[in-house]
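> Residues 164 to 248, numbered by my numbering, are exactly what the sequence shown covers, in order. For every residue, glycine included, the Cβ atom is placed at its ideal position computed from N, Cα and C. None of the values given here were measured: they were computed from a predicted structure.
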Amino acid sequence: MQRTQRPLLARLAGANPTSVFLLTLVVVLVAFFTPGVIGGLLTLALAAVLIALMATTWAVQAPQTRLIRLVMLTLLVTVGLAKLL
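1. DSSP three-state label for Gly243, please.
2. Is Gly177 helix, strand or coil when you go by DSSP?
3. What number of angstroms, rounded off, separates the C-alpha of Leu185 from the C-alpha of Pro170?
4. Tell me whether Thr228 is buried or exposed, calling it buried when 16 or more other Cβ atoms sit within 10 Å of its Cβ.
5. Check Ala225 in the structure and name its three-state DSSP category.
6. Using the rule of at least 16 other Cβ atoms within 10 Å of the residue's Cβ for burial, across every protein chain shown, is Ala210 buried or exposed?
7. Excluding the 5 residues flanking Leu247 on each side, which residues of the same chain have their C-beta closer than 7 Å to its C-beta?
8. Is DSSP giving Thr197 helix, strand or coil here?
Structure (structure tokens):
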């Protein structure tokens with residue numbers, strides 16, 4: 164492992180992509196279908212994790228990818244805030 168590489172990122176890079184996708188899908192579905200404040204908080208927690216990942220990988224992404232990620236993140240935060248209200 165390189166000196167600048169974080170252990171968490173190294174573990175994430177070695178994770179099975181299918182498992183990560185399925186786990187994320189389950190969390191999103193639970194967050195979207197759970198009513199009220201709990202669903203809103205789960206959605207915002209997922210958005211916070213995605214913000215952290217996006218900030219880490221921002222420098223290596225193409226401008227088109229950055230735009231798509233920002234749009235999707237904005238939609239996710241909007242849904243989370245709407246569920247809180």
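To lay it out plainly:
1. For the purposes of this step, residue 243 is identified with residue 80 of the sequence shown, where counting begins at 1. Three-state result, Gly243: helix.
2. Here the question's residue 177 lines up with position 14 in the sequence shown. Correct three-state label for Gly177: coil.
3. The residue you call residue 185 lines up with position 22 of the sequence shown. The residue you call residue 170 lines up with position 7 of the sequence shown. For Leu185 and Pro170, the distance between alpha carbons rounds to 23 Å.
4. Taking the first residue of the sequence shown as position 1, residue 228 is located at position 65. Residue environment for Thr228: exposed (fewer than 16 other C-beta atoms within 10 angstroms of its C-beta).
5. Your numbering for residue 225 matches position 62 in the sequence shown. Note: Ala225 maps to coil in three-state DSSP.
6. Translated into positions along the sequence shown, residue 210 becomes position 47. It is buried - the Cβ of Ala210 has at least 16 other Cβ atoms within 10 Å.
7. Position 84 of the sequence shown, counted from the start, is the residue given in the question as residue 247. Once the five neighbours on either side are set aside, the close Cβ partners of Leu247 are Val200 and Gly203.
8. For the purposes of this step, residue 197 is identified with residue 34 of the sequence shown, where counting begins at 1. Looking at Thr197 - three-state DSSP - the assignment turns out to be coil, as it is neither helix nor strand.
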